[in-house]
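Participant: Sharing a structure below in structure tokens format, with a few things to ask.
Chains as they are written, first to last, in my numbering: chain A, 0 to 255; chain B, 0 to 255.
Next up, the structure:
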């Protein structure tokens with residue numbers, strides 16, 4: 000099977016002119032098949048503010064009412080996505096911007112209301128990867144916006160990390176997939192205060208040990224749990240790195 | 000060669016809830032391969048107004064400065080396009096929303112400044128229809144937003160009629176193409192005051208005669224000239240009809 004790299008970059012990097020240009024230039028140089036997944040939260044908040052729409056967040060997640068859904072559809076699926084696609088095309092990358100509604104590649108259900116009503120937020124239920132894989136084999140580079148649909152006519156706001164993970168898992172049917180998450184740090188650190196103390200490789204037993212020893216803690220635990228889940232679903236490697244290090248053999252690699 | 004219908008619908012129809020739903024329902028029932036091209040001017044103007052951006056028009060064409068380009072990219076490529084795609088998916092149509100940057104399917108040059116500086120407006124220079132045709136053969140229905148790119152990293156605002164005409168012409172390489180323009184009237188009328196006086200068929204000699212006789216006049220002349228240009232470039236038929244008549248054998252058909 001051909002190799003495929005699915006790279007997720009956070010909003011901040013794709014929303015600032017200088018970092019976006021550098022990131023896309025680095026991304027364009029990565030060999031082989033690839034997929035880019037992007038955020039765009041800051042731009043959505045900025046547009047919402049200009050329109051007098053309040054951005055409500057609970058536990059770092061956006062509450063998406065009908066007005067905010069229009070904003071994220073415009074910003075994620077339109078402005079940020081097409082800006083990336085046009086720039087990649089200028090670099091010779093045959094990019095194709097997609098929301099989950101396009102080609103029905105990712106369907107989600109509106110999140111049930113429990114303690115919190117997140118509004119028009121989607122939990123991924125189905126990924127149709129055949130047409131996507133076919134395009135990738137033809138040299139196309141999908142650029143995935145963090146919006147899905149419910150196949151009942153509605154768009155739904157969906158976390159970009161989730162999109163990357165679900166797309167990567169589904170594409171294991173067609174490719175040897177490496178999933179790369181770009182964060183603020185160079186990888187999983189042995190010492191939080193030392194940016195260069197990156198742990199090069201983590202396996203499940205090592206992870207359990209590091210958690211027991213308190214080396215890995217807090218928000219990194221669910222991130223790594225998600226990574227092991229992706230590995231269990233067939234993803235070959237998960238790499239946690241910094242956006243300006245993509246294309247280099249750095250960061251933390253999570254194996255099965 | 001397989002048949003393909005390229006249908007262009009104006010902004011007004013796709014921007015009002017009731018007419019949009021009816022249009023897409025009619026469109027979903029059209030047999031065979033098809034492409035939908037949409038406008039979105041009213042929504043762009045509405046968003047621009049909310050953002051305090053002035054909409055400047057010259058000869059019915061929008062002057063697109065940098066701020067307005069962001070608005071049209073968001074509205075045409077994001078909100079209107081994805082709203083259509085999601086609804087079509089709910090009707091079982093495997094829609095794929097595209098701007099010219101996606102798959103580099105339509106490249107344009109920024110319009111040179113003459114008497115009027117239209118700003119970030121693109122004149123179409125190149126259509127790459129191979130991947131598009133391949134997707135259509137696989138049952139995908141492209142939904143084309145009126146935005147192109149210059150392959151230098153910039154999006155450009157482009158007239159939806161032009162997009163429909165250029166896409167139709169390029170796709171004649173792969174299909175027997177019928178190009179359908181939806182207007183306010185049921186077709187080209189023999190008597191402007193009589194909505195039912197539709198001329199069923201127009202050929203070049205008949206057109207010349209009608210113009211001489213003053214039956215066809217004003218804005219309809221350039222529209223028909225464009226239709227004959229499409230015919231000359233290989234399009235089989237151009238049909239001018241009303242949006243609520245698509246799928247019926249009505250309207251005016253322009254032959255070579």
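By construction, the Cβ of each residue, glycine as well, lies at the ideal position given by its N, Cα and C atoms.
Identify each residue in the segment 60 to 74 of chain B for which the Cβ-Cβ distance to at least one residue of chain A is less than 8 Å, and report them in chain order.
Facilitator: 69, 72, 73 and 74
Participant: Which residue comes first and which comes last in the beta strand (DSSP E) that contains residue 245 of chain A?
Facilitator: DSSP places residue 245 of chain A in no beta strand (DSSP E); its state is neither H nor E.
Participant: Can you name, in chain order, every residue of its own chain whose Cβ lies under 6 Å from the Cβ of residue 236 of chain B, other than the five neighbours on each side?
Facilitator: 177 and 252
Participant: Starting from the beta carbon of residue 89 of chain A, find every residue of chain B whose beta carbon is closer than 7 Å, and list them in chain order.
Facilitator: Going along chain B in sequence order, the residues near residue 89 of chain A (Cβ under 7 Å) are 150, 151 and 152.
Participant: Kindly indicate the opening and closing residues of the alpha helix (DSSP H) around residue 28 of chain B.
Facilitator: 16 to 28
Participant: In terms of alpha-carbon separation, which member of A/148, A/8, A/54 and A/183 lies closest to residue 83 of chain A?
Facilitator: A/8
Participant: Determine the contact status of residue 185 of chain A and residue 222 of chain A, defining contact as a CB-CB distance below 9 Å.
Facilitator: The beta carbons of residue 185 of chain A and residue 222 of chain A sit no closer together than 9 Å.
Participant: Looking only at DSSP bridge pairs, what is residue 236 of chain B linked to?
Facilitator: B/177
Participant: Mind pulling the chain A residues with CB within less than 7 Å of residue 110 of chain B?
Facilitator: By Cβ distance, chain A contributes nothing, its closest Cβ being about 17 Å from residue 110 of chain B, past 7 Å.
Participant: From which residue to which residue does the beta strand (DSSP E) around residue 60 of chain B run?
Facilitator: 60 to 62
Participant: Can you list, in chain order, the stretches of the alpha helix (DSSP H) that have 4 or more residues and sit fully within the segment 190 to 215 of chain A?
Facilitator: 203 to 212
Participant: Using only CA atoms, which one of A/88, A/15 and A/229 lies nearest to residue 169 of chain A?
Facilitator: A/229
Participant: Quick one: is residue 203 of chain A near chain B, going by C-beta distance under 9 Å?
Facilitator: Judged by the 9 Å Cβ criterion, residue 203 of chain A is not in contact with chain B.
Participant: Going by Cα to Cα distance, which pick from A/81, A/6, A/88 and A/63 is closest to residue 112 of chain A?
Facilitator: A/63
Participant: Can you tell me which of B/190, B/152 and B/118 puts its alpha carbon nearest to the alpha carbon of residue 55 of chain B?
Facilitator: B/118
Participant: Less than 9 Å between CB atoms is the rule here; does residue 291 of chain A satisfy it with respect to chain B?
Facilitator: The first residue shown for chain A is 0 and the last is 255, placing residue 291 of chain A beyond what the model contains.
Participant: Mind checking if residue 84 of chain B is an interface residue toward chain A, Cβ cutoff 9 Å exclusive?
Facilitator: yes
Participant: How do the segment 78 to 94 of chain B and the segment 139 to 156 of chain A stand: do at least 3 beta-carbon pairs fall below 8 Å, yes or no?
Facilitator: yes
Participant: If you measure from the beta carbon of residue 134 of chain B to each beta carbon in chain A, is any gap under 9 Å?
Facilitator: yes
Participant: Which residues in chain B have a C-beta closer than 7 Å to the C-beta of residue 98 of chain A? List them in chain order.
Facilitator: 81
Participant: Take the Cβ of residue 220 of chain A as the centre, count every other Cβ of all protein chains shown within 10 Å, and call the residue buried at 16 or more, exposed below.
Facilitator: The Cβ neighbour count for residue 220 of chain A, taken over all protein chains shown within 10 Å, is under 16; the residue is labelled exposed.
Participant: Where in the segment 74 to 128 of chain A do unbroken runs of the alpha helix (DSSP H), each at least 4 residues long, occur, reported from the N-terminal end onward?
Facilitator: 80 to 89
Participant: Is it the case that the Cβ atoms of residue 158 of chain B and residue 127 of chain B are separated by a distance below 9 Å?
Facilitator: no
Participant: Just to confirm, are residue 130 of chain B and residue 139 of chain A a CB contact at a threshold of 9 Å?
Facilitator: yes
Participant: Tell me which residue opens and which closes the alpha helix (DSSP H) that residue 48 of chain B is part of.
Facilitator: 40 to 49
Participant: Pull up the distance between the alpha-carbon of residue 210 of chain A and that of residue 191 of chain A, whole angstroms please.
Facilitator: 14 Å
Participant: Quick one: list the residues of chain B neighbouring residue 124 of chain A, beta-carbon separation under 9 Å, in chain order.
Facilitator: Counting only Cβ-Cβ distances below 9 Å, residue 124 of chain A has no contacts in chain B at all, with the closest Cβ about 14 Å away.
Participant: Using a cut-off of 8 Å between C-beta atoms, extract the partners of residue 139 of chain B located in chain C.
Facilitator: In the structure shown, chain C does not exist; the protein chains are A and B.
Participant: What did DSSP end up calling residue 184 of chain B once you bin it into helix, strand or coil?
Facilitator: coil
Participant: Just the Cα atoms here: how many angstroms apart are residue 96 of chain A and residue 134 of chain A?
Facilitator: 12 Å
Participant: Residue 146 of chain B CB to nearest chain A CB: under 9 Å?
Facilitator: Chain A places a beta carbon closer than 9 Å to that of residue 146 of chain B, counting this residue as a contact.
Participant: Can you round the beta-carbon distance between residue 233 of chain A and residue 171 of chain A to whole angstroms, since I take them to be within the 8 Å contact cut?
Facilitator: 4 Å
Participant: Please list, in chain order, the chain A residues whose beta carbon lies closer than 9 Å to that of residue 7 of chain B.
Facilitator: What residue 7 of chain B touches in chain A: nothing, since even the nearest Cβ is about 20 Å away.
Participant: Starting from residue 168 of chain B, follow the beta strand (DSSP E) in both directions and report where the run begins and ends.
Facilitator: Premise fails: residue 168 of chain B lies in the alpha helix (DSSP H), 159 to 170, not in any beta strand (DSSP E).
Participant: Mind pulling the chain A residues with CB within less than 7 Å of residue 78 of chain B?
Facilitator: 69, 72, 73 and 77
Participant: Could you give the distance in angstroms between the alpha-carbon of residue 180 of chain A and the alpha-carbon of residue 194 of chain B?
Facilitator: 60 Å
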